[in-house]
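Accompanying notes for the structure given below.
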Amino acid sequence: MKQITEFYRSLKPSINYLADEVVIAQAWKKTHGYIRSFNWYADTLALDVSALTIEDNAKKWAGQIKQGNTLNQLELVPAAKSEAWLFDSKGWHPKDITKRADKVPLRPLAHLTIRDQTWASAAMLCLADAVETAQGNCSNKNQSFEMARARKIYSYGNRLVCDWNSKDKAWFRWGNSETYRKFFTDYQNFLKRPLDLGRLVSTQALGSEDVFIVNLDLSKFYNTIDINVLIERLKVISTNFGHEECDEFWTAFKLITHWQWDQADIDLAKTLKLGDIEKGLPQGLVSAGFYANAYLADFDQKLGDKIGKVLSNKGNVVLHDYCRYVDDLRLVISADGITPQVLAKDINTIIEKLLKTFAGDDVTLNQEKTKVTFLSDLDNSGSMANRIEMIQGELSGPADRDVLDSTTGILESLLTIEDESTPELDSNHSDLALLQISSFDHDIRPDTLKRFAANRLESIVRSKRRIISIDADESLHEGSNELLAKKLILAWMKDPSLALVLRKAIEIYPDAELFEPVFDAIFERSSFAKTLTAVDSTTQIMMDYLLADLFRCASDFNGYFQVIAYPSNIKPTAVIELLTRYAQKVIAKEDVSPFTIRQALMLLAVTNKPILSNTGNDSIQKDLHCILVNKASVYQSQRSALFEVAAQITGNFDTYASLFLEQIEALGDKRYGALELFSKRGGPFWLALWKQLNKKVAFKEIATQLKWAAPQISSQPKPRKQTLAKIICSDINGFEFEHALIKLALGLVQEAQVNPIIIAKSPNEITVKLSQQYNWDKVWLSEVKSIECKVTKSDIGIDPRFRIPDWVETNLTVDNRIIYWIGTILRASVLGGADFTGSRWKASKTVTYKGLRTSWYKRRMGMMHAPESIIGEFATVSGWFSDLLMRCLQWPGFESTFVQHKDVRAILDLETFTDCIERRLTYLNSLICKSSSLPVLPTEVFRPNKRENFRIVTVQQLLPRSTDFSIADVQLNNEAFRAKHREHLLAVCQLTVKTLEAKLNGDGDEKKPSADLIVFPEVSVHIDDQDVIKRLADKTQSIVFAGLVFTDHKGKLVNIARWFIPDYRESGRQWVIRDQGKENMTLPEQKLGITGYRPCQHILKVHGHPDGPFSVTGAICYDATDIRLAADLRDKSELFVIAAHNKDVNTFDNMASALQYHMYQHVVISNIGEFGGSTIQAPYKQPYDRLISHVHGVGQIAISTADIDLGAFKRKSKKYKEVKTKPAGV
């Protein structure tokens, strides 16, 4: 079904696309997300301001492109680059300051306005398919490196997230928020490729030949790109792809890439010897990586054409492979009787010639960084890349204390690695052989290793703190953390550009006394110090940048320190207080480093220490300070977001809502537009505005006009005709169930066909009536045959959020309008509110600056439909419903080709839509557990492994014991027990991995430990420890069914078991979470105040096995004794899993024996180790086949594995184990 108008099916380099509102909006979305996450320098407040007003700005910016508006001037942000420093009798200073004459340790970053960034990104969207196709598909997981080489794929860095068709043509996913592919994945492939192909060469090389890996680095690459040449190369790539040339596009492209700097910045760059900053691509431009790849696309192919050919007859130098990661080039070379030093010179000469011919006159190698390494020095288990991969593997699983301790030592050693330069010796020098031994190369740069180590060490410390209780061990542990922070500080002192290493040191041990000398050393060397005589300008600028980075980090720390637990002796807020003192010193000197002053002002605002200043330039940061002290300047619509930011910072939403209304009171007719921005966005600031609106006489009329956005009041609707809005906002919203939503959709289709006026109406304008008299929370029952939908008059006005967007294809048929509108109503109904673009993710309780990352306009073009996001983990709708919403609510740049359900993919028009949902309703009705009066929701699970049998693991752990629960601590939140429980869980999970590894080693059939299903006991995992379970599931690629410790649901404590399902797709692993509730409470649970809650029964349809798919379902302990549930599930599942915490082991043994026969399927019980008795049974004829596994004895930790045949009892063939005769009725 072509839901989206044909115009947006694929973008082209045409002015109609470049200046299109929708394309601009999507370009802004990608740009906004990338800058927040990855840019070295970012003005996050400017991003907030743009988020609220993007709906208007997208139209305005699109028009400005057509009008030929010029760019704003770039702002220079000189950032610190890697430089060796030391500490000696002179103090802390650069190791060799004379090197700065040739190599300045500064990177000339450019700060661009969000509009100018968006324009360049919009052009990237238009050119993306052509440029990515020219580079080839580097993301194909089924493609070996040898195949990639054969397909002439050489570029791995800054590649866009694309889909690829069978003809190797790329389609950029321009409608989602991601821009570039994941760094780690592509960089790992970039490192592995030369090793893999080099290994292949070495097996075929002659005895006298050596195989080398050559590392080359382009010098100041971005600055050497000639924009005019880039444009010509883009035109060639575009024409080769099949695009027609549009002169207006290229004229506009020249304007939006005609970057200009302020003269003061040009002069500063010359003073600092940063080169000619007016040339090349601005560093800091989101799309710069994309354009840089296009610039070198021809060079890549020309160098690739030389693969398999002799580059130099001297030494028979042959090129076997070439690949590139941005400005980092790797060659695989074989040579006969030539030293690495000589080879380096030859390769430099050859590549320099190729660069000059096919890259550009200014593109050259940084020959100092050329490294030639024997393959054998890199291709071994001790190579740095392999060591990093090993560390990642250890930490990606459920790392217990032993793993954390052993990994810490390895990571600390990475902090001391230095880039030691080796001298050049004459080819006849007697020590040449000795030099070759000592000049082996790490395949990853030292600064990259240190950042990696710092990140992982901070993560390890956080993990350790969660398993160390408040006892005598804590002081010892915190002493080691302080020492680790000092080691990180030392690593940073040796290279001050490693700001991330310093940040991680702060996160590990945020002690003001420890860091005051560090901050003081930075400040006294900056441009803001009172005495500057002893410090050169380069060092001052480096320190200015470090101050800006610290201020930005401190703004983040203000919220981070509220959610991360530190020991009582550490006062992390004191570090923020310390940095605010330096920020106050910085703003006293407004004539230098404006980028540092901006971050200082932002930190003072975030910590609610506003200042009023009449000097310097107007800025949004100063406006925010004015608002914080209730002295807002003249109202500017583009800065409306600052009022909500002020409310976030202080937590006083009512105060700043009132101030905002005072600001707009004199705007007259424009007041509605000012308020509509917030009414569409929703959230706590809008709720505060609405409350104030009704109190102010001057806004009474506008309040009436905005009634469509009024907060809904929950009520108890009677079982009669009601407005849909009243039902979905109530506590008995039956439309939280997929069955009811389908009936609603059918009712809407029927009414839309006979009364088209209903299309685009909101839930407030629709009445619903059931065909049978049932309460509204029972709409899912099969006895409720249909829902009658009608239009009703409403006094709240037209809700603009339900207007059908222009991008929906309506020229040929009205069906698309109806289907899109039905999608909006269904999504609003399941969410329980009028804003169909929202979600049910829980908001953070921290009071701090969070920013404005979204708006209604942005959400409409980027909704998540997963059950977890729209209904929660109990998931009373399935993945099928998510696919249906995906099909209905498409937006430009979004492709629904990854919709899994074939029947949803087959929807073409209203007729096939109706047929699809009718068949789905019939299917869901057939699954209902009639005896238990319980809806069943199926979840499709696609497994990556194709083993014949189904591998199941039961985990029997010791904690928590029954005596650990008490009225005083039902949720086991006591800090001492939390640490003990988490450490026990980690140890048990690590034991599970080791058990699987031992089994695989014994079988000799697989390299990595894996299973299909791992089952934990009832109430065995605290909800804050589910990250451990996810790591186990990731490590073993397994589904996990685990009982969670009693948890809160809508104010009541409930007992749930959670399905953790890793869903492997082309885009990566995603989590599918399903909560299985427990209805029947035992007497001890009743005494603890636990409430029964089981809204539905989940069944997993597991694909990926030869005899599959298999249906797997579960229950929690006492619920499994309900014979009605067993009878309902008998014909619906092939595996019944029970999470138990039960001391009556004999009864459960007998129950398992009865269930496995009467349900005629495998039954699995995982009980707590306190009582034992975990078992796996199946109705085989022979007793030794029937009892597959059983753990005897109390107080036992046991990990049991079994490969079971889930198809045994439905298979007609008799060549497998002999099974018992079926019970009657099966």
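In the UniProt record's numbering, the protein residues as written are 1 to 1226. We put the CB at the ideal spot given by N, CA and C, even for glycine. This one's a predicted model, so the numbers in the text were calculated from it and none came from an experiment.
| field | Touching by the beta-carbon criterion (3+ pairs, under 8 Å), the stretch 331 to 339 and the stretch 310 to 320 | value | yes
| request: Report yes or no: do three or more beta-carbon pairs, one from the stretch 1152 to 1168 and one from the stretch 905 to 915, lie closer than 8 Å? | output: no
| request: Specify the secondary structure class of Y180 as computed by DSSP and reduced to three states. | output: strand
| query | What are the start and end residues of the alpha helix (DSSP H) that includes P684? | reply | 684 to 693
| field | Distance between beta carbons of S82 and D495, contact taken as under 8 Å | value | 6 Å
| message | Using a Cβ-Cβ cutoff of less than 7 Å, which residues in the same chain neighbour A359 once the five nearest sequence positions on both sides are dropped? | response | L296, F299
| request: Sort out for me which residues DSSP pairs T1175 with in a bridge. | output: I1165, H1190
| alpha helix (DSSP H) segment containing A548, residue limits | 537 to 563
| From K29, R1130, T1221, residue whose alpha carbon lies closest to that of Y1180 | T1221
| request: Go ahead and pull the three-state DSSP assignment for G1114. | output: strand
| query | CB E55 to CB S855, shorter than 9 Å? | reply | yes
| said: Does the contact criterion of 3 or more C-beta pairs under 8 Å hold for the stretch 787 to 798 versus the stretch 699 to 712? | reply: yes
| query | Quick one: any contact between the stretch 276 to 296 and the stretch 219 to 231, if contact means 3 or more CB pairs under 8 Å? | reply | yes
| task | For R920, count neighbouring C-beta atoms within 10 Å of its own C-beta (all shown protein chains included) and say buried if the count is 16 or more, exposed if not. | result | buried
| query | From A288 to T5, what distance separates their C-alpha atoms? | reply | 30 Å
| D379 - containing alpha helix (DSSP H), residue span | No alpha helix (DSSP H) contains D379, which DSSP labels as neither H nor E.
| said: Count Cβ pairs between the stretch 104 to 112 and the stretch 151 to 163 that sit closer than 8 Å; are there 3 or more? | reply: no
| Can you pull the DSSP bridge partners for D336? | E209
| request: Starting from F87, follow its DSSP beta bridges and name the residues at the other end. | output: W92
| Going by C-alpha distance, which of F1060, L706, L457 is nearest Q1070? | F1060
| query | Which residues in the same chain have their Cβ closer than 8 Å to the Cβ of I307, if we skip the five residues on either side of it in sequence? | reply | R149, L319, H320, D321, Y322
| query | What residue does the alpha helix (DSSP H) around G22 start on, and which one ends it? | reply | The residue you asked about is not Gly; residue 22 is Val in the sequence shown. Segment 21 to 38, the alpha helix (DSSP H) holding V22.
| task | Could you have a look at Y1157 and say whether DSSP puts it in helix, strand or coil? | result | helix
| task | Please state whether DSSP places R598 in a helix, a strand or coil. | result | helix
| message | So, with DSSP's three-state summary, where would you put S1023? | response | Looking at the sequence provided, one finds Ile at residue 1023 rather than Ser. The answer is helix: DSSP assigns I1023 an H, G or I state.
| Can N39 and V286 be called in contact, C-beta distance under 9 Å? | yes
| task | Have a look at S37 and W28 and give me their C-alpha separation to the nearest angstrom. | result | 14 Å
| Alpha carbon of E765 to alpha carbon of V791, nearest angstrom | 6 Å
| Segments assigned beta strand (DSSP E), at least 3 residues, entirely inside the stretch 728 to 816 | 766 to 770, 787 to 791
| request: Specify the secondary structure class of F913 as computed by DSSP and reduced to three states. | output: helix
| query | Between the C-alpha atoms of G823 and S383, what's the straight-line distance to the nearest angstrom? | reply | 53 Å
| query | Buried or exposed: where does P1017 fall if 16 or more other Cβ atoms within 10 Å of its Cβ makes it buried? | reply | buried
| query | Skipping 5 residues on each side, what residues in its chain have a beta carbon closer than 6 Å to that of G893? | reply | Q26, W174, G175
| Between the Cα of Q1037 and the Cα atoms of G1104, R151, H984, which residue gives the shortest distance? | G1104
| request: Check each candidate in R943, R951, R982 and name the one with the smallest Cα separation from L959. | output: R982
| field | Element boundaries [beta strand (DSSP E), containing G1043] | value | 1039 to 1049
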